[in-house]
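Chains A and B supply the protein sequences, listed in that same order. First residue of the first sequence: 14, per the numbering used here; consecutive thereafter. First residue of the second sequence: 14, per the numbering used here; consecutive thereafter.
Protein chains: 2
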Amino acid sequence: MRGWILLCLLVVCAWGCALRSSPAPPKWAVAIHGGAGTIERASMTPETDAAYRAALSAALETAGKVLREGGSSLDAVETVIRLMEDDPLFNAGRGAVFTAAGRNELDASIMDGATLNTGAVAGVTRTRHPITLARAVMEKSPHVMMAGEGADSFAQQQRLEMVDPSFFFTERRWQELEKTLKEQGDPIPARPAGAPKPQSSVSAQSAGEHKFGTVGVVALDSRGNVAAGTSTGGTTGKRWGRVGDSPIIGAGTYASNQSCAVSGTGVGEFFIRLTVAREICALVQYKNYGVQQAADEVIQKRLSALKGTGGVIVISPKGEIAWSFNTSGMYRAKMSAAAPAQISIFKEEP
Amino acid sequence: MRGWILLCLLVVCAWGCALRSSPAPPKWAVAIHGGAGTIERASMTPETDAAYRAALSAALETAGKVLREGGSSLDAVETVIRLMEDDPLFNAGRGAVFTAAGRNELDASIMDGATLNTGAVAGVTRTRHPITLARAVMEKSPHVMMAGEGADSFAQQQRLEMVDPSFFFTERRWQELEKTLKEQGDPIPARPAGAPKPQSSVSAQSAGEHKFGTVGVVALDSRGNVAAGTSTGGTTGKRWGRVGDSPIIGAGTYASNQSCAVSGTGVGEFFIRLTVAREICALVQYKNYGVQQAADEVIQKRLSALKGTGGVIVISPKGEIAWSFNTSGMYRAKMSAAAPAQISIFKEEP
């Protein structure tokens with residue numbers, strides 16, 4: 014009898030030790046990006062630097078509030094991306110880059126890692142928050158992806174906030190388009206109807222440096238569910254109804270509780286070819302890679318081998334966060350229930 | 014000295030044996046599908062059955078000719094899909110289903126397993142061969158995916174064959190749309206401009222049975238390169254610029270010499286959520302699954318678990334061919350340098 018009691022005690026002790034040796038995952042965690050590209054300390058003013066850090070800090074705080082209060086990872090992703098879509102600093106929603114025809118054509122997607130439910134939109138022009146439309150496609154339609162005017166019509170039918178296309182206009186992006194088209198020797202389209210009168214030239218720095226600027230969020234909530242979302246205006250001067258990776262599930266966005274959640278930013282064509290987001294999660298799921306190792310394998314090795322550029326943020330259902338990019342910078346931030354906010358821009362930052 | 018010669022001979026012998034023990038892959042191989050769905054022997058006339066088998070046989074012959082003569086797998090994929098796009102039997106190109114607005118909006122994609130180059134188009138309405146446009150996007154543009162009118166403009170600029178949208182009109186598909194919209198209590202749009210005068214009702218059988226009909230080809234060429242392509246009109250009565258899996262790289266189409274090439278058909282929403290095509294190839298690449306095992310895992314288990322329906326064809330760089338579907342039938346065919354043509358429609362066929 015005493016032998017049995019001793020054995021039981023031993024088992025309980027061993028169990029306790031095992032529990033302690035693998036610490037409980039944080040109750041929630043979040044990572045955010047605001048685009049990767051040629052972002053160098055030498056060419057960024059202190060004001061611009063501070064503006065991006067403040068925007069990322071506000072985004073983290075918003076995410077933290079949702080997640081601390083028990084909100085879902087989907088809610089955190091959508092809420093933060095709405096905020097960033099409204100911020101002209103980023104190439105998403107207001108502040109999106111222009112197509113060669115002088116339009117803002119917006120792409121977004123969202124994915125729920127618990128159910129693999131997902132929604133995506135491409136080329137919308139009248140919906141204020143493309144990420145909310147992506148979520149409506151996921152939750153309120155039998156479809157997963159909608160494009161063009163049809164997607165805007167669905168938004169209207171769902172009573173989402175609609176705006177005049179000129180809502181998305183920013184002077185900086187317009188001058189960026191003019192510069193790009195001039196360099197290519199292409200005609201410059203008429204200034205869009207409803208746009209404010211031309212302003213004096215914005216600084217070359219702010220026009221040149223923001224080649225990318227896609228936004229994305231990955232989050233883990235207290236129920237252990239991961240989610241991912243991405244929103245973008247695409248690339249300056251894009252033509253022919255070009256669709257990038259942001260609305261392509263498996264390329265720019267992916268989430269599964271069985272592996273991880275990813276949002277990407279960069280030259281979308283390479284992200285589609287490499288199915289970057291799904292690839293990272295496949296390495297986690299099938300090869301037992303850690304999220305950092307998987308992200309580095311796909312971004313530093315495979316993306317670089319194709320001469321593609323960009324970056325990703327990754328989160329696992331255990332709350333591990335990774336980011337990886339092969340550009341000189343990526344606007345990025347992370348925070349969890351167990352770790353304070355960290356905001357970084359340049360490569361040499363952690 | 015004699016010792017060295019003996020050693021060299023031994024090495025050469027061992028090498029020869031090793032080569033012989035894994036038989037050389039067939040010089041070329043191809044698999045084709047013409048859609049999966051509720052296709053049952055009891056409800057198909059002998060004439061319809063014969064028409065599909067003849068079309069699949071012609072498609073195989075076309076692929077065989079390209080590949081036997083040393084053509085690339087990309088050429089085989091494009092050539093066969095062009096043929097099927099012109100055949101009103103299939104839901105691709107001429108014979109595509111109609112949107113709720115009474116339009117034919119066509120999607121296609123193609124991928125080169127040797128380079129991971131790829132091209133995709135969504136929602137084109139004026140380009141006769143969407144698969145050729147997808148290839149032009151891949152080879153003649155800096156982009157990977159184009160949508161809507163922009164994609165048609167690019168086709169025109171590339172001097173591809175353009176047609177009036179009414180070219181894609183078929184009476185059978187129109188009556189299918191009318192039937193679908195009536196059942197849903199939705200308004201029936203005006204008959205498209207340029208469409209021929211209404212004909213007497215086509216048989217209910219031929220209207221009901223072809224719920225799907227996407228076409229796809231996977232091929233291996235004599236240089237050991239795999240390729241995949243898919244072309245579709247989507248689903249009858251689709252709305253809001255709905256995009257399915259066919260133009261989504263990793264969902265409806267994927268090809269990599271490191272794993273396999275896949276083309277899918279079915280309810281595209283599920284194929285996107287599961288990144289079906291990339292998933293099958295990931296299981297081959299990372300878990301050493303055979304192509305049949307990988308296809309069955311994703312289609313019979315995961316797709317069925319989500320209550321999705323459809324099927325895939327798969328080819329490996331070794332020339333192994335697999336198909337898998339969870340519907341009552343899939344129009345399908347395969348052939349290789351080492352094996353004669355096999356054409357099947359119903360589940361109970363091999």
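Note that the Cβ used here is the ideal one computed from N, Cα and C, for glycine as well.
Is A220 (chain A) helix, strand or coil by DSSP? For the purposes of this step, residue 220 (chain A) is identified with residue 207 of the first sequence, where counting begins at 1. Residue placement at A220 (chain A) cannot be trusted, given a pLDDT of 42 that sits under 50; what the coordinates show is reported in the next sentence. Of the three classes helix, strand and coil, the one that applies to A220 (chain A) here is helix, per DSSP.
Neighbour list for K300 (chain B) in chain A, Cβ cutoff strictly below 9 Å: For the purposes of this step, residue 300 (chain B) is identified with residue 287 of the second sequence, where counting begins at 1. Residues of chain A passing the Cβ test: Y299 and K300.
Verify whether the separation of the beta carbon atoms of D125 (chain B) and A135 (chain B) is less than 9 Å. The residue you call residue 125 (chain B) lines up with position 112 of the second sequence. The residue you call residue 135 (chain B) lines up with position 122 of the second sequence. In this structure, A135 (chain B) does not lie closer than 9 Å to D125 (chain B) by Cβ.
Own chain residues within Cβ distance below 8 Å of E184 (chain B), not counting five before or after: As a working note, residue 184 (chain B) is residue 171 in the second sequence. Taken in chain order, the residues that qualify are P209, P211, Q212 and V215.
Between T243 (chain A) and A109 (chain B), what straight-line distance do the alpha-carbon atoms span, to the nearest angstrom? The residue labelled residue 243 (chain A) in the question sits at position 230 within the first sequence. The residue labelled residue 109 (chain B) in the question sits at position 96 within the second sequence. Taking the straight line joining both Cα atoms gives about 32 Å.
Start-to-end residues for the beta strand (DSSP E) that takes in T193 (chain A): Taking the first residue of the first sequence as 1, we reach residue 193 (chain A) at position 180. From DSSP, T193 (chain A) is part of no beta strand (DSSP E) but of the alpha helix (DSSP H) over E184 to Q197.
Cutoff 9 Å: M175 (chain A) Cβ touching any chain B Cβ: Here residue 175 (chain A) refers to the residue found at position 162 when the first sequence is read from its first residue. Not closer than 9 Å to any Cβ of chain B, the Cβ of M175 (chain A) fails to qualify, so no.
Measure the beta-carbon distance from N270 (chain A) to S85 (chain A) and round it to whole angstroms, keeping in mind my assumption that it falls under 8 Å. Start at 1 with the first residue of the first sequence, and residue 270 (chain A) comes out as number 257. Start at 1 with the first residue of the first sequence, and residue 85 (chain A) comes out as number 72. About 13 Å separates the two Cβ atoms, so there is no contact after all.
Just to confirm before moving on: does the CB-CB distance between G246 (chain A) and F338 (chain A) stay below 9 Å? What you label residue 246 (chain A) is simply residue 233 of the first sequence in a count that begins at 1. What you label residue 338 (chain A) is simply residue 325 of the first sequence in a count that begins at 1. Result no, Cβ atoms of G246 (chain A) and F338 (chain A) do not sit closer than 9 Å.
Just by C-beta distance, which residues in the segment 242-257 of chain A are closer than 8 Å to chain B? K251, R252, W253, G254, R255, V256 and G257
So, for Q218 (chain B): in the same chain, excluding its five sequence neighbours on each side, which residues have a beta-carbon less than 8 Å away from its beta-carbon? Taking the second sequence and counting its residues from 1, one reaches residue 218 (chain B) at position 205. With a pLDDT of 41 at Q218 (chain B), under the threshold of 50, the predicted position of this residue should be treated as unreliable, and no value is reported.
Leaving out five residues on either side along the sequence, give the residues of the same chain with a beta carbon under 7 Å from the beta carbon of L233 (chain A). Mapped onto the first sequence, residue 233 (chain A) falls at position 220. Within the same chain, L233 (chain A) has close Cβ partners W41, A42, S86, V239, I328, P330 and G332.
Quick one, which residues of the segment 272-287 of chain B are near chain A if we go by CB-CB under 8 Å, in chain order? G281, E282, I285, R286 and L287
Tell me the residue span of the beta strand (DSSP E) that contains R345 (chain B). Along the second sequence, one-based indexing puts residue 345 (chain B) at 332. Per DSSP, R345 (chain B) belongs to the beta strand (DSSP E) from G342 to S349.
Could you tell me the alpha carbon to alpha carbon distance between Q170 (chain A) and L296 (chain A), rounded to whole angstroms? If you number the first sequence from 1, residue 170 (chain A) lands on position 157. If you number the first sequence from 1, residue 296 (chain A) lands on position 283. Approximately 40 Å, taken between the alpha carbons.
Taking only the alpha-carbon atoms, compute the straight-line gap between A206 (chain B) and V230 (chain B) and give it to the nearest angstrom. As a working note, residue 206 (chain B) is residue 193 in the second sequence. As a working note, residue 230 (chain B) is residue 217 in the second sequence. Computed Cα separation, rounded: 33 Å.
Please state the DSSP three-state secondary structure of R141 (chain B). As a position in the second sequence, residue 141 (chain B) is number 128, starting the count at 1. In the structure shown, R141 (chain B) sits in coil (DSSP, three-state: anything other than H, G, I, E or B).
Which residues, in order along the segment 157-174 of chain B, keep a beta-carbon less than 7 Å from a beta-carbon of chain A? V157, M158, M159, A160, G161, E162, G163, A164, S166 and F167
According to the Cβ coordinates, are I358 (chain B) and M343 (chain B) closer than 9 Å? The residue labelled residue 358 (chain B) in the question sits at position 345 within the second sequence. The residue labelled residue 343 (chain B) in the question sits at position 330 within the second sequence. For I358 (chain B) and M343 (chain B), yes; Cβs fall inside 9 Å.
Might you give, ordered along the chain, the residues of its own chain that have their beta carbon closer than 8 Å to the beta carbon of G70 (chain A), omitting 5 neighbours on each side? Within the first sequence, the letter at position 57 stands for residue 70 (chain A). A small fix is needed here, since residue 70 (chain A) is Ser in this sequence, not Gly. Contacts found: A346, A354 and I356.
T193 (chain B) CB to nearest chain A CB: under 9 Å? Numbered from its first residue, the second sequence carries residue 193 (chain B) at position 180. Closer than 9 Å: no.
Those residues which DSSP pairs with I328 (chain A) across a bridge: Sequence index remark: in the first sequence, residue 328 (chain A) carries index 315 (1-based). Note: I328 (chain A) sits in a beta bridge opposite A:A274 and A:I334.
Can a CB atom of chain B be found closer than 9 Å to the CB of R196 (chain A)? Locating residue 196 (chain A) in the first sequence gives position 183, counting from the first residue. Correcting the residue identity first, residue 196 (chain A) is Glu in this sequence and not Arg. False, the Cβ-Cβ gap to chain B never drops below 9 Å.
What did DSSP end up calling N120 (chain A) once you bin it into helix, strand or coil? Indexing the first sequence from 1 puts residue 120 (chain A) at position 107. Residue identity differs from the one stated: residue 120 (chain A) is Asp in this sequence, not Asn. Of the three classes helix, strand and coil, the one that applies to D120 (chain A) here is strand, per DSSP.
Put I201 (chain A) into one of helix, strand or coil per three-state DSSP. As a first step, residue 201 (chain A) is located in the first sequence; it is residue number 188 there, counting from the start. It is coil, neither helix nor strand.
Please return the same chain residues whose Cβ sits closer than 7 Å to the Cβ of P260 (chain B), not counting the five positions on each side in sequence. Residue mapping note: residue 260 (chain B) aligns to position 247 of the second sequence, counting from 1. Around P260 (chain B): D120, A121, S122, A133, V134, A135 and M158.
Helix, strand or coil for F359 (chain B), going by three-state DSSP, please let me know. Numbered from 1 along the second sequence, position 346 holds the residue referred to as residue 359 (chain B). Looking at F359 (chain B) - three-state DSSP - the assignment turns out to be strand.
So with Cβ pairs under 9 Å, would you call N270 (chain B) a contact of chain A? Taking the second sequence and counting its residues from 1, one reaches residue 270 (chain B) at position 257. With 9 Å as the cut-off, N270 (chain B) does not count as an interface residue toward chain A.
Spatial distance of G221 (chain A) from V176 (chain A) (CA atoms): Start at 1 with the first residue of the first sequence, and residue 221 (chain A) comes out as number 208. Start at 1 with the first residue of the first sequence, and residue 176 (chain A) comes out as number 163. Low confidence applies here, because G221 (chain A) scores a pLDDT of 46, under 50, leaving its location unreliable and the question unanswered by this model.
Under 9 Å, Cβ to Cβ, is there at least one residue of chain B near G77 (chain A)? Along the first sequence, read from residue 1 onward, the residue named residue 77 (chain A) stands at position 64. G77 (chain A) does not count as touching chain B.
For N130 (chain A), which beta-bridge partners are listed by DSSP? In the first sequence, residue 130 (chain A) corresponds to position 117, counting from 1. DSSP lists A:D125 as partners of N130 (chain A).
Would you please verify whether the beta carbon of L296 (chain B) is less than 9 Å from any beta carbon of chain C? You won't find chain C in this structure, because its protein chains are A and B.
With H, G and I counted as helix, E and B as strand and the rest as coil, what does DSSP make of R107 (chain B)? Numbered from its first residue, the second sequence carries residue 107 (chain B) at position 94. Note: R107 (chain B) maps to coil in three-state DSSP.
Measuring only the C-alpha atoms, how far is A241 (chain A) from C294 (chain A)? Position 228 of the first sequence holds residue 241 (chain A). Position 281 of the first sequence holds residue 294 (chain A). One C-alpha to the other measures close to 12 Å.
At which residue ranges does the segment 39-120 of chain B contain complete alpha helix (DSSP H) runs of 4 or more residues, listed in the order of the chain? 59-81 and 86-99
Would you give the residue range spanned by the alpha helix (DSSP H) that G281 (chain B) belongs to? Indexing the second sequence from 1 puts residue 281 (chain B) at position 268. Segment G281 to R286, the alpha helix (DSSP H) holding G281 (chain B).
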